[in-house]
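The numbering of the sequence shown is this note's numbering, which starts it at 1409 and goes up by one. Ideal placement from N, C-alpha and C gives every residue a C-beta, glycine not left out. Source: prediction; values computed, not measured. Step one of this worksheet: look at the structure below.
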Amino acid sequence: MRKWVGAAAAAVVGTSSLTGCGVPSGGILGVMVDGRGEPSIVVQMCEGHIDGATLYLEDPDPDRMPAQHKTMGTWEVSPPVTGFSQFFLDTGGNGWRVAGTLMPREPETRYTIYGWSKDNSWSASHLSFSEHELANLGPGTVRVPDNEPEAQGNRTVSLADFRTKTCEEWF
1409 MRKWVGAAAA AVVGTSSLTG CGVPSGGILG VMVDGRGEPS IVVQMCEGHI
1459 DGATLYLEDP DPDRMPAQHK TMGTWEVSPP VTGFSQFFLD TGGNGWRVAG
1509 TLMPREPETR YTIYGWSKDN SWSASHLSFS EHELANLGPG TVRVPDNEPE
1559 AQGNRTVSLA DFRTKTCEEW F
């Protein structure tokens, strides 16, 4: 009897470790503005690739499962991003195109954007920001998620540091 209990426990542990995995994050997203104040998303992939990005409003009910987020915009890119890339939120660019309808953004509302791959093999970090936050950025600076343990919120880095230090700081 003990032998069967031990084998069953091992099977349960083994199965849960196989099914408990999510899509691995291989990159970081940041948001910045150009000299005209136009917002753009910057991507630095350190591992893997992404094929697109989605901007959404978080479900107001944090206990609802599954969550019901409201999509505000989706962008697709070709070829897939494996290093650095940048696109404007309103128009795309650099191989990125708006896929579908873009919903208008409100200054005080916090939005979240993340990068995804069509085959769910890789993703890029979630980044939450508001239009109000963007107003405080100057050209050449990027808002990124804070990577310190237990940190919540964003921090600002230079575009040069985002391009050259992201992979060593995050992965």
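Residue i to residue j span [Cα, whole Å]
| i | j | result |
| --- | --- | --- |
| Glu1560 | Asp1554 | Here the sequence assigns Gln to residue 1560, which means Glu is not the residue at that position. For Gln1560 and Asp1554, the distance between alpha carbons rounds to 7 Å. |
| Gly1460 | Leu1510 | 14 Å |
| Glu1466 | Arg1513 | 14 Å |
| Tyr1522 | Val1451 | 10 Å |
| Ser1566 | Pro1468 | 32 Å |
| Val1441 | Pro1547 | 6 Å |
| Val1431 | Asn1528 | 6 Å |
| Cys1454 | Thr1499 | 25 Å |
| Glu1576 | Val1552 | 15 Å |
| Asn1562 | Thr1479 | 22 Å |
| Thr1490 | Pro1515 | 31 Å |
| Gly1428 | Pro1474 | Note on Gly1428: pLDDT 45, under 50, position unreliable in the model; no value is reported. |
| Ser1448 | Arg1472 | 31 Å |
| Leu1542 | Glu1484 | 23 Å |
Rounded distance between the beta-carbons of residue j and residue i, thought under 8 Å
| i | j | result |
| --- | --- | --- |
| Thr1564 | Thr1549 | 5 Å |
| Cys1518 | Phe1496 | Residue 1518 is actually Arg in this sequence, not Cys. Rounded, the Cβ-Cβ distance is 20 Å, inconsistent with contact. |
| Ser1525 | Gly1438 | 19 Å between Cβ atoms; not a contact. |
Terminal residues of the alpha helix (DSSP H) in which residue i lies
| i | result |
| --- | --- |
| Arg1518 | First-last for Arg1518: 1518 to 1524, but that is the beta strand (DSSP E), not the alpha helix (DSSP H). |
| Trp1578 | 1567 to 1578 |
| Leu1542 | 1539 to 1542 |
Residue i, enclosing beta strand (DSSP E) - first and last residue
| i | result |
| --- | --- |
| Asp1459 | 1458 to 1465 |
| Glu1484 | 1478 to 1489 |
| Thr1549 | 1549 to 1553 |
| Gln1560 | Counting along the chain, Gln1560 falls outside any beta strand (DSSP E), and DSSP gives it neither H nor E. |
| Ser1431 | Just to set this straight, residue 1431 is Val in the shown sequence, not Ser. First-last for Val1431: undefined, no H or E at that position. |
| Ser1448 | 1447 to 1453 |
| Arg1444 | Looking at the DSSP string, Arg1444 is not in any beta strand (DSSP E), and its letter there is neither H nor E. |
| Ser1493 | 1492 to 1496 |
Residue i and residue j closer than 8 Å at C-beta
| i | j | result |
| --- | --- | --- |
| Ile1458 | Gly1443 | no |
| Thr1520 | His1540 | no |
| Gly1503 | Pro1487 | yes |
| Leu1463 | Gly1481 | yes |
| Ser1493 | Ser1433 | no |
The ligand HEM heavy atom lying under 7 Å from the CB of residue i
| i | result |
| --- | --- |
| Val1552 | Although the ligand HEM was asked about, the structure shown includes no ligands whatsoever. |
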